[in-house]
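Here the structure comes first, spelled out in structure tokens, and everything after it is commentary.
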Amino acid sequence: MSNVSCFIVEDDPQAYEYAYSIIKQYGGIDIIGNADTIVGAANTIKELQPDFIVLDVFLTDGNAFEFLKLFENVDFKIIFTTSFAKFAIDAFKFSALDYLLKPYAEKEMIIALDKVIKDIHKENYQLQLNTLLQNLSDNEESKKIVLKNAEAMHIVKLKDILYAKSDSNYTTFLLINGKEILVSKPLKSFDKKLTFQNFFRAHQSYLINLMHVTSFNKRNEEVILKEIHTIPVAQSRKKNLIDFIEKHL
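Sequential numbering of the sequence shown, starting at 2, is according to our numbering.
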């Protein structure tokens, strides 16, 4: 079985040497080239056709997303690296793609390499990349999340989610069109992703989209979404919810 091929796109010589040494020691991976500009990288990658690349988000002549637009189809996997946490971390999480925040530990790169090797032939990667690019735009209306289960990969607009409900180690998302999507991840994993995107953990079992709040019943400690869906509000979270509603809605 032939080795997996890798190309490194990095304009910091020390960061390049660090990534190179880890990948080389990992074994079973051929590093077939490197570049420090988006134009140089794009031209060489089209010629060499590596299985995956390690891609720095910011380069001397542009950023990684300008680089991706130079390809009609991205048929290689990507491990993103970045020193700018605020720029892209949320977008990467929504799109279910891997990133390494510099300075990263050796074990973090190894985990990312493990995933690349495991997923090297998986389909639907282009969908994930398209979602990533949309999430990095300034248009809040276009923000999306990838919800994966055994049957399908669902690309869902955040504004179309009413709430997420916990069911042990599973989470059920209810959309405004009535569709339900069951995902084999606990609610807390989505809580971390969506807290800063107008979602609120109203209860241990519920994460609600604040865009769809139509009323709050203080006596019953319930919040109403779209005038139909009644969601319990934990006593400990009631004040925070009321404060948010008064300030932002």
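Here a beta-carbon is modelled for each residue, glycine too, at the ideal position from N, C-alpha and C.
{"Check": "Report yes if the CB atom of residue 1 is closer than 8 Å to the CB atom of residue 53, and no otherwise.", "Outcome": "Since the displayed the chain opens at 2 and closes at 250, residue 1 lies outside it and no answer follows."}
{"Check": "Could you have a look at residue 81 and say whether DSSP puts it in helix, strand or coil?", "Outcome": "strand"}
{"Check": "Answer yes or no: do residue 182 and residue 163 have a C-beta to C-beta separation smaller than 8 Å?", "Outcome": "no"}
{"Check": "When burial is assigned at 16 or more other CB atoms within 10 Å of the CB, is residue 172 buried or exposed?", "Outcome": "buried"}
{"Check": "For my contact list, residue 114 and residue 24 are in at a C-beta cut-off of 8 Å; report their separation, rounded to the angstrom.", "Outcome": "7 Å"}
{"Check": "Please list the segments of the beta strand (DSSP E) lying wholly inside the segment 175–217, counting only runs of 3 or more residues, in order along the chain.", "Outcome": "181–184, 200–204, 207–210"}
{"Check": "Do residue 234 and residue 226 count as a contact pair if the criterion is CB distance below 8 Å?", "Outcome": "no"}
{"Check": "Span of the beta strand (DSSP E) holding residue 164?", "Outcome": "162–168"}
{"Check": "Does the Cβ of residue 1 have 16 or more other Cβ atoms within 10 Å, making it buried, or fewer, making it exposed?", "Outcome": "Residue 1 is absent from the model: the chain starts at 2 and stops at 250."}
{"Check": "I need the boundaries of the beta strand (DSSP E) containing residue 34, first residue and last residue.", "Outcome": "30–36"}
{"Check": "Below 7 Å CB to CB, which residues in the same chain sit around residue 32 once its five sequence neighbours on both sides are set aside?", "Outcome": "7, 9, 21, 24, 25"}
{"Check": "Would you identify the three-state DSSP class for residue 105, choosing helix, strand or coil?", "Outcome": "coil"}
{"Check": "Starting from the C-beta of residue 159, find all residues in its chain whose C-beta is less than 7 Å away, skip the five residues before and the five after it, and write them out in chain order.", "Outcome": "144, 145, 146, 198"}
{"Check": "For residue 62, I'd like the list of residues in its chain whose CB is within less than 8 Å of its CB, leaving aside the five on either flank, ordered along the chain.", "Outcome": "38, 39, 40"}
{"Check": "Following the continuous alpha helix (DSSP H) through residue 18, name the residue where it begins and the one where it ends.", "Outcome": "14–27"}
{"Check": "Using CA atoms only, rank isn't needed, just tell me which of 103, 209, 73 is closest to residue 232.", "Outcome": "209"}
{"Check": "Starting from residue 58, trace the beta strand (DSSP E) both ways and give me its first and last residue.", "Outcome": "Run containing residue 58: none; DSSP gives neither H nor E here."}
{"Check": "Could you check if residue 84 is buried or exposed, using at least 16 other CB atoms within 10 Å of its CB as the buried criterion?", "Outcome": "exposed"}
{"Check": "Would a C-beta distance cut-off of 8 Å place residue 57 and residue 12 closer than the cut-off?", "Outcome": "yes"}
{"Check": "Sort out for me which residues DSSP pairs residue 223 with in a bridge.", "Outcome": "218, 233"}
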